[in-house]
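Residues in the sequence shown are numbered from 1 upward in steps of one, following the UniProt record's numbering.
Data first, discussion second: the structure below is written as structure tokens.
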Amino acid sequence: MPLAGKYKFEGISYTHVQRHEPTKFLYQSPKMIEKKYNKQITEALTKENLLDPNSSDELKIKITHRREFIGEATFAKSDRMGNIYLTYEVEVVRNGEVLRHYGSSELRFNPGVFGNLKGLVGQNNDDSFENKAISANVKEIVDTIKGMK
């Protein structure tokens, strides 16, 4: 069945996974991260001309954002962020029927050579690394949506 080509979108379903609570550094809250995903996805879909509040096709996006801290699986836990992982699902739903479904495997954010070096020397102690991951993840999700026909 062909899709409408533009979608109604009311926001993501967000799950935050974190196995260590840092005390040395303060990171943005899960609520802030969810807001950033919603804002950036909405902006990107608007820019791509993919949104229509009156569309019969609704976009459902589920995001699981996992923070990993350096050494979190060991006794030598660190409050410095090691990695960001993303798992997501995108569905196009019309009248309760799922017309398209895409589910990703768990994807690790790749910050590039310099970003990796920063991680290796344990300098990820603010929100900049995570904000870059969110932007990259949004691009990944929107590219998936653009590919749905």
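Heads up, the beta-carbon is just placed ideally off N, CA and C, and yes, glycines get one too.
A contact between stretches requires three or more CB pairs, one per stretch, nearer than 8 Å, and the stretch 78 to 86 meets this requirement with the stretch 99 to 114. Nearest neighbour of LYS24 by Cα position, chosen from SER78, ALA4, PRO30 and GLU34, turns out to be SER78. The criterion of a C-beta distance shorter than 8 Å is satisfied by VAL90 and TYR102. Within the DSSP secondary-structure output, LYS8 pairs in a beta bridge with GLU58. Per DSSP, the unbroken alpha helix (DSSP H) holding THR144 starts and ends at 128 to 146. The beta carbon of ILE41 lies closer than 8 Å to those of PHE9, ILE12, ILE61, VAL138, ILE141 and VAL142 in the same chain, with the five residues before and after it left out.
Under the 10 Å beta carbon count, LYS47 is surrounded by fewer than 16 other beta carbons and is classified as exposed. The beta carbons of ILE70 and ILE134 sit about 20 Å from each other, so the pair does not count as a contact at 8 Å.
Among the bridge pairs identified by DSSP, SER105 is matched with none. Counting other Cβ atoms within 10 Å of its Cβ, PHE129 reaches 16 or more and is therefore classed as buried.
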